Amino acid sequence: MHPALLLLLRLSSLLHLLSSAVAFPSNGTASNTSCTPARCGELNISYPFTLGGVQSFECGFPAFNLTCDASHRAYLSRTFRDHLYRVQEIFYDNNSLVVAMDTAFSGGDERCPVPDFNISSSLSLFPLIISGKNKEITFVCNCEVPPTMKLPQTCANRSIGAYFSEDTEARRATTNCSSVSVPVRAFQEKRQARDYVPMISDGFLLEWPALEDCDACMRRGGECRFVQLSIQCLCDGRPCPTSRRNGRESLAIKIGSGVAAALLCLLILAAVYLVILYKRKKRKRSASLVGLIRDEGTPPLVSLRKEFSMTGSPRTHIFTYEELDEATDGFSDARELGVGGFGTVYKGTL
């Protein structure tokens, strides 16, 4: 679930829990009351929704509590006006529902079912999203309404216009107008915006965030409860045990993590060993060069000079170790050419 939506879900539910704390005391554990799905007309109501007066408030999120009127029509309970959003359909498989406004009239004029409030603001305390699959009608007033979008009748003695919100030309022509936007279902786009009454009556699509914990609970045959701002899963009135499959998956994750950690340690140790081996090899190589030029207990260069004097090449220059060290930048790896008969061969600059 998206973190922001989860926070909104809990905050909106907390407001209801605070208002209901006296009437519904809780000890932090879900009760044994059954959360059998309820009905209001043709509407099947189950988690995360609850039907007020029929199901316990913990059978769903308090923000999703519904009211069923005498005509067997369901409404969202926690709205700033009674019977504002009528719930027409609930699609539990894709977390969406269709709602329609019933009592939203501009300026109290029942001949004009145009909302006089912002739809998105009125739903801001609900963890619900106005679906992007909807279209949107914009109503404008308090301005010179272009004739092409003017409604045939006045509303509360005002001229009102309507257009689909994606109409950029209409939007530019009404920049100085007061406006209210209303979502409608996408298949209504074949109609004219001025024919708004049946489109508003047909409602629009809302979505709620996925409840992964609850979905997993229901797959195990449990019932979801909402207790003290958290989800609890009950099986036969008791907390559901962790499934064997989940246990095996958890064990596999632990074993995999352990193996990965062990392999990482081995790689680190191998890298350290190679570095140490390389440094030792380099020290031995440098020592062999010193031994080649200076034998222990023998004056510097005596043996080599003697050897070269026997070859009849008195002009041959014998370099000291210090000279070679300076010429090769301390026998740097960058100066290394390869391996010869007497050891490593370096390139030097005199």
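Just so we're aligned: the sequence shown equals residues -23 to -1, 1 to 327 in mature numbering (1 follows the signal peptide of the UniProt record, and there is no 0).
Built from N, CA and C at the ideal position, the CB exists for glycine as well.
Being a predicted model, the structure only gives us computed values, none of them experimental.
Taking the Cα positions, F41 is about 11 Å away from E35. The alpha carbon of G214 has as its nearest neighbour, out of V204, S207, G199 and Q205, the alpha carbon of G199. Contact between C45 and C17 is confirmed by a C-beta separation of about 4 Å, below the 8 Å threshold. Closest in C-alpha terms to G325, from the list F308, Q209, A187 and V117, comes F308. The shortest CA-to-CA distance from R58 to any of Q205, V157, D79 and A304 is the one to D79.
Around the beta carbon of C194, 16 or more other beta carbons lie within 10 angstroms, which makes this residue buried. Cβ neighbours of R148 within its own chain (closer than 8 Å, five residues either side excluded): T115, Y140 and S142. In terms of Cα proximity to S99, the closest of L128, V159 and P124 is V159.
Given a length threshold of 4 residues, each whole run of the alpha helix (DSSP H) inside the stretch 106 to 150 is given here in chain order: 145 to 150. In the DSSP assignment, S155 falls within the beta strand (DSSP E) that extends over S155 to V161.
Under the DSSP assignment, A304 falls in the alpha helix (DSSP H) whose first and last residues are Y298 to A304. Between the beta-carbon of S156 and that of V117 there is about 5 Å, and that keeps the pair under the 8 Å contact cut.
Counting along the chain, the unbroken alpha helix (DSSP H) around I96 starts and ends at I96 to S99. The count of Cβ pairs closer than 8 Å, one atom from the stretch 120 to 139 and one from the stretch 167 to 177, reaches three, so the stretches are in contact. Secondary structure at Y52: strand, using DSSP grouped into helix, strand and coil. Contact between R162 and N111 holds: their C-beta atoms lie close to 6 Å from each other, under 8 Å.
CA-CA distance, I245 to G233, rounds to 18 Å. By the neighbour-count definition (other C-beta atoms within 10 Å, threshold 16), G138 is a buried residue. Considering only K167, E313, D144 and S136, the residue with the shortest C-alpha distance to C154 is S136.
Excluding five sequence positions before and after G37, the CB atoms of its chain that fall closer than 6 Å to its own CB belong to Y24, P25, F26 and T27, given in chain order. Beyond the five residues adjoining it in sequence on each side, G29 comes within less than 7 Å, by CB distance, of N42, L43, T44 and S54 in the same chain, given in chain order. V31 sits in coil when the DSSP states are folded into three classes, being neither helix nor strand. By the C-beta density criterion, A239 is exposed, having fewer than 16 other C-beta atoms within 10 angstroms.
DSSP places V204 in the uninterrupted beta strand (DSSP E) bounded by E200 to V204.
DSSP, read as helix, strand or coil, puts C242 in helix. DSSP places I232 in the helix class (H, G or I) of the three-state scheme.
The alpha-carbon separation between R50 and P218 amounts to approximately 38 Å. Here A40 carries a helix assignment [DSSP, helix/strand/coil].
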